[in-house]
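Residue numbers (the working numbering): 6 to 245. Using N, Cα and C, we set each Cβ at its ideal position, and we do this for glycine too. Below: one structure, written as structure tokens.
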Amino acid sequence: MLSCSNDSKDDDSKNIPSDGLVAYYTLNNEALDKSINNNDGEIIEASGSTDRKEKENGALEFNGINSKVVLTTQIDDALSTGLTFSAWIYYTGESTGRILSNYNGEGEAGNCKERIGFNFGITADKQLNIHYAIDGDDYVGRATALNTINTNEWIHVLGTWDGTFTSGGFKLYINGVQLDTENHESGIISCDYLQSLSPFYIGMGHCAAGECAPFGGKIDDVRIYNKVLNSDDIKLLSEE
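And the structure:
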């Protein structure tokens, strides 16, 4: 069963929830998966930087142009009934930036089985959002209010999905507090859950024209769970 971690970033990570952990990336200038599942990634054009605790090379810095971490296509095999995305971010960008995404935007248009996946990131209006999309124009999810994301400071962001294809199935948290205020949806999701043909990316999205929504700033301690974490676990992650 996909569950526990085999490593920790430091001693204060020992109480962090591990049940349901599919992948964990400390991003200490590397992209090794610290869970038991070996979903290692590859760093492309991102560099080591100080983290929220001033540890050198404790986080990755993304240039907002072509930086990304490429993960695996296996991760979403375990996400059909629910998930939690968790990360620490230091956002310096002025436009849309993906934190985690496996949306295969370059897939065949009109093909529900190809152009499909999750997006978790920041809009140009500094909203945090999460959604599941098919074919670009059809998506369902939630978003926070405008200007919720502060720039140039470390914040903890977290999104959950309970496995249902309604906007109410998604929730968003910033620093441990639920802050989603509006539905983020368009069209009708007519497919059952399908695994994307795209790997997950940290710091980059994919649209019909290719790579899009590059993240500008730092990202640290990315975790993906195959379930919705409870409020106590969310609080622990936000205080790590």
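Check: Own chain residues within Cβ distance below 8 Å of T20, not counting five before or after; Outcome: The sequence given here places Asn at residue 20; Thr does not occur at that position. Cβ neighbours of N20 beyond the five flanking positions: L241.
Check: Where L177 sits in the DSSP three-state scheme; Outcome: strand
Check: Given I154 as reference, the closest of I139, Q132, S172 and F175 once Cα atoms are compared; Outcome: Q132
Check: Cβ pair count under 8 Å reaching 3, the region 94-111 against the region 171-186; Outcome: no
Check: C-alpha distance - D238 paired with A92, whole-angstrom precision; Outcome: 14 Å
Check: Simplified DSSP assignment, three categories, for D237; Outcome: helix
Check: Three or more C-beta pairs below 8 Å linking the region 47-61 and the region 73-80; Outcome: yes
Check: Under 7 Å between C-beta atoms of C217 and G208; Outcome: no
Check: D226 - containing beta strand (DSSP E), residue span; Outcome: G221 to Y230
Check: Span separating the alpha-carbon of L199 from that of H136; Outcome: 14 Å
Check: Classification of A129 by the beta-carbon crowding that lies within 10 angstroms, buried from 16 upward; Outcome: exposed
Check: L151 classed as buried or exposed, judged by whether at least 16 other C-beta atoms fall within 10 angstroms; Outcome: exposed
Check: Nearest-angstrom Cα separation, counted from G174 out to T86; Outcome: 11 Å
Check: Limits of the beta strand (DSSP E) - the one that H189 falls within; Outcome: Here H189 belongs to no beta strand (DSSP E), and DSSP marks it neither H nor E.
Check: Close beta carbons around T165, own chain, < 6 Å, minus the five adjacent residues each side; Outcome: T89, K176 and V233
Check: Assumed close pair T156, L184 - CB separation to whole angstroms, cut-off 8 Å; Outcome: Not really, about 16 Å apart at Cβ, beyond 8 Å.
Check: Completely contained beta strand (DSSP E) runs for the region 30-56, where each covers 3 or more residues; Outcome: 47-49 and 52-54
Check: Continuous beta strand (DSSP E) stretch holding L105: start and end; Outcome: G102 to S106
Check: Integer Cβ distance of R228 from L26, believed to fall under 8 Å; Outcome: 6 Å
Check: Limits of the unbroken beta strand (DSSP E) element including R147; Outcome: D143 to T149
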